[in-house]
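First residue of the sequence shown? That's 3 in the numbering used here, and the numbers climb one at a time after it.
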Amino acid sequence: MESNDFVGAVDAQIELLRDGKPLEAFDAFFASSVQMYANDVLFADGAAEGRAKQEPFISAAQSIIGKIEDVVIDEARGLCAFRNLSQFVDGAGVLQQIDGLCWQRWDAGKVVEERYYDGEVMHALLKDGLLQDLTGHMTMKEAE
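Below, the structure written as structure tokens:
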């Protein structure tokens with residue numbers, strides 16, 4: 003994938019997230035074989051499992067206010083990371099705040115690995131400079 007295509011795909015995904023359309027972003031940009039992790043624990047093995055776990059939660063939201071910040075892209079390695087500070091109104095009408103960090107590895111225009119962090123794990127990664135060194139988060143084999 004050419005660099006500009008990668009950046010364009012990331013930008014398009016971010017735009018959908020900012021528009022409060024996370025399922026549309028998922029469907030458009032996640033590979034069928036994506037591996038998804040939550041705080042480095044396998045969350046979903048494949049897009050079908052990932053979507054099935056996320057859809058009820060997202061569909062129950064009365065509204066979603068997308069707020070994506072600190073987008074960092076490593077074009078050479080097909081990596082990006084960003085903070086998700088979105089809000090949503092849940093089924094009970096209560097405003098909920100998301101505070102998470104997404105790290106993604108892309109291949110051929112699709113996310114093939116996503117690692118989502120929150121809480122203490124996210125804060126430790128931010129303190130250690132994840133947004134300044136996306137490659138440092140990869141295993142040595144992946145980085146080669």
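In this text, a Cβ means the ideal position worked out from N, Cα and C, and glycines have one as well.
All values derive from a computational prediction rather than experimental measurement.
Element boundaries [alpha helix (DSSP H), containing residue i]
i: Ser88; result: Run containing Ser88: none; DSSP gives neither H nor E here.
Distance CB(residue i)-CB(residue j) smaller than 8 Å
i: Ala11; j: Phe31; result: yes
i: Leu81; j: Lys69; result: no
C-alpha distance - residue i paired with residue j, whole-angstrom precision
i: Val9; j: Asp76; result: 9 Å
i: Ala33; j: Phe84; result: 19 Å
i: Ile16; j: Trp105; result: 13 Å
Bridge partners - residue i, DSSP secondary structure assignment
i: Ile75; result: Cys82
Helix, strand or coil at residue i according to DSSP, with G and I counted as helix
i: Leu132; result: coil
i: Gly10; result: helix
i: Asp47; result: strand
i: Ala40; result: strand
i: Glu126; result: Here the sequence assigns Ala to residue 126, which means Glu is not the residue at that position. Residue state, collapsed to three classes: helix.
Beta strand (DSSP E) segment containing residue i, residue limits
i: Lys112; result: Lys112 to Asp120
i: Asp109; result: Gly102 to Asp109
i: Gln99; result: Leu97 to Gln99
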